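J.: Take this structure first; my questions come after.
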Amino acid sequence: MRVIEPEINLSSGLVTLRFPITDLELKEIRHQQIFNFQEVLFSTDIPTTSFQEAFITIISESKNLDGYGEDTSTNANIELELESEKWQILSLEIDGIVYPTFYFLRTQGQLQGSLIQAMMHFAVDRATQDENLSIQSKTLVSEAVSGFLSLGIDGLSDEHRLEKSLKQVLSRISHVYTHDQYQSVIEQFLKAKDIPFDREEDSYYFSVNTSECRWGVELNLLDDTEGIILYSYFQVELDEGSVDSLLRDLNSINQSLLLGNFQFSIEEHVLYYRNHLNLQVYDLEKSLDNLFQDNYDSIQSISLLIKDKYHNQIKIID
1075 MRVIEPEINL SSGLVTLRFP ITDLELKEIR HQQIFNFQEV LFSTDIPTTS
1125 FQEAFITIIS ESKNLDGYGE DTSTNANIEL ELESEKWQIL SLEIDGIVYP
1175 TFYFLRTQGQ LQGSLIQAMM HFAVDRATQD ENLSIQSKTL VSEAVSGFLS
1225 LGIDGLSDEH RLEKSLKQVL SRISHVYTHD QYQSVIEQFL KAKDIPFDRE
1275 EDSYYFSVNT SECRWGVELN LLDDTEGIIL YSYFQVELDE GSVDSLLRDL
1325 NSINQSLLLG NFQFSIEEHV LYYRNHLNLQ VYDLEKSLDN LFQDNYDSIQ
1375 SISLLIKDKY HNQIKIID
């Protein structure tokens, strides 16, 4: 990744860089895990909304920045091409609020004791930010301690193994799942609802039948940090004179919706309802249930409106 005019500080064989990033660059850092980005290693959740100003501070061994020998806070016209896998994020600063990582808290002396003790302290703090998780986290941390001890004496000095264990523990405490785990939860949810489905990679397809009509459903699992999109849709027959009226109605309805929106494909004569779920969920099953219920209620309501208002002008094709 290219970094322009960073603040560079060298000390005790380590180097830190601080530089501004845009909204788009932060999304890219998260999505591609640039600088070994891991959401779970931040002490609090990183906001996903747009911001006015942001800075990132990263750290590495000084040998990864050959050619710069003295501490400096002004680095006009300096451009660096970094091997991102050799750098770790110390902190993000978004609109004046600092979001520190485990590494930052450790290097600043805010996580005392051995590396294991610091990791456990960090894990507990991360979990107990949410009161609903505080009781459960005690059990998880107890299990985690046993897991760390099982590494053995040699393993305790293995930073790579310890960091891997930390991520596993924090993932369980904070309920940050892997992509495969999200897939598993989705499939278990569909099976628990007795919904037969077809799957193609990260997309799930099924249909819903009611006394009013039948519609198709498509669930797409996006990148782990982006979420789930749920579409319900049906095809209609209509004359050209009804298109403008239908679009006006959909636009008016969309103004009042909080969770999703209606879309209409003029070319294919297909009406969609689309809603979205962010994947930052210790209550993924409940959130999925709410997502499905909103989707079901919305597409059923629009089907009734079409039948009541448009009569024979618009016909839903089952």
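All letters in the sequence shown, in the order written, are residues 1075 to 1392 by our numbering. Glycine is no exception: its CB is placed at the ideal position from the N, C-alpha and C atoms. Given the structure is predicted, the values throughout are model-derived calculations rather than measurements.
1) Leaving out the 5 sequence neighbours to the left and right, which residues in its chain are closer than 8 Å to residue 1037 when beta-carbon positions are compared?
2) At a cut of 8 Å, does the segment 1287 to 1294 reach the segment 1325 to 1338 through at least three beta carbon pairs?
3) With residue 1343 as the anchor, note down where its beta strand (DSSP E) starts and where it stops.
4) Would you call residue 1108 buried or exposed, if buried means 16 or more other Cβ atoms sit within 10 Å of its Cβ?
5) Is DSSP giving residue 1125 helix, strand or coil here?
6) Give the single residue among 1361, 1123, 1320 whose Cα lies nearest to the Cα of residue 1399.
7) Identify, in the order they occur along the chain, each residue of the same chain with its Cβ nearer than 6 Å to the Cβ of residue 1368, setting aside the five sequence neighbours on each side.
8) Do residue 1159 and residue 1083 have their C-beta atoms closer together than 8 Å?
9) Run the CB neighbour count on residue 1284, radius 10 Å, all protein chains shown included, and call it buried at 16 or more, exposed below.
10) Tell whether a beta-carbon distance below 8 Å holds between residue 1336 and residue 1376.
11) So is residue 1126 buried or exposed if we call it buried at 16+ other beta carbons inside 10 Å?
12) According to the neighbour-count rule (16 or more other Cβ atoms, all chains shown, within 10 Å of its Cβ), is residue 1134 buried or exposed?
13) Among 1276, 1274, 1259, 1270, which has the Cα closest to the Cα of residue 1282?
14) Could you check what DSSP says for residue 1267 in three-state terms: helix, strand or coil?
15) Kindly list the residues whose CB is nearer than 7 Å to the CB of residue 1168, restricted to its own chain and excluding five residues on each side of it in sequence; keep chain order.
16) With DSSP as the reference, label residue 1362 as helix, strand or coil.
17) Check this for me: beta carbons of residue 1317 and residue 1389, under 8 Å apart or not?
18) Out of curiosity, what's the CA-to-CA distance linking residue 1173 and residue 1253?
19) How close, in whole Å, do the beta carbons of residue 1361 and residue 1345 come, if the pair is a contact with beta carbons under 8 Å?
20) What are the boundary residues of the alpha helix (DSSP H) that includes residue 1103?
21) Can you tell me which of 1087, 1155, 1088, 1123 puts its alpha carbon nearest to the alpha carbon of residue 1079?
22) Looking at C-alpha atoms only, which residue of 1340, 1132, 1326, 1276 is the closest neighbour of residue 1089?
23) Under 8 Å by Cβ, that's how I've got residue 1117 and residue 1166 pegged, so tell me the actual separation to the nearest angstrom.
24) Within 8 Å of any Cβ in chain D, is that where the Cβ of residue 1085 sits?
25) Per DSSP, which residues does residue 1090 bridge with? Please list them.
26) Would you call the CB atoms of residue 1259 and residue 1324 closer than 8 Å?
27) What number of angstroms, rounded off, separates the C-alpha of residue 1196 from the C-alpha of residue 1075?
28) Measure the beta-carbon distance from residue 1306 to residue 1373 and round it to whole angstroms, keeping in mind my assumption that it falls under 8 Å.
29) Residue 1276 to residue 1161, Cα distance in whole Å?
T.: Taking the geometry as given:
1) Limits of the chain in this structure are 1075 at one end and 1392 at the other, which puts residue 1037 out of reach.
2) no
3) Taken as a continuous stretch (DSSP letters only), residue 1343 belongs to no beta strand (DSSP E), as it is neither H nor E.
4) buried
5) coil
6) Nothing can be reported for residue 1399: it is not among the residues displayed for the chain, which extend from 1075 to 1392.
7) 1333, 1349
8) no
9) exposed
10) yes
11) exposed
12) buried
13) 1270
14) coil
15) 1121, 1125, 1128
16) helix
17) no
18) 24 Å
19) With 8 Å as the limit, residue 1361 and residue 1345 do not qualify as a contact, their Cβ atoms being about 25 Å apart.
20) 1097 to 1106
21) 1155
22) 1132
23) That pair is no contact at about 11 Å.
24) Going by chain labels, chain D is absent from the structure shown, which holds only one protein chain.
25) 1083, 1133
26) no
27) 29 Å
28) 4 Å
29) 31 Å
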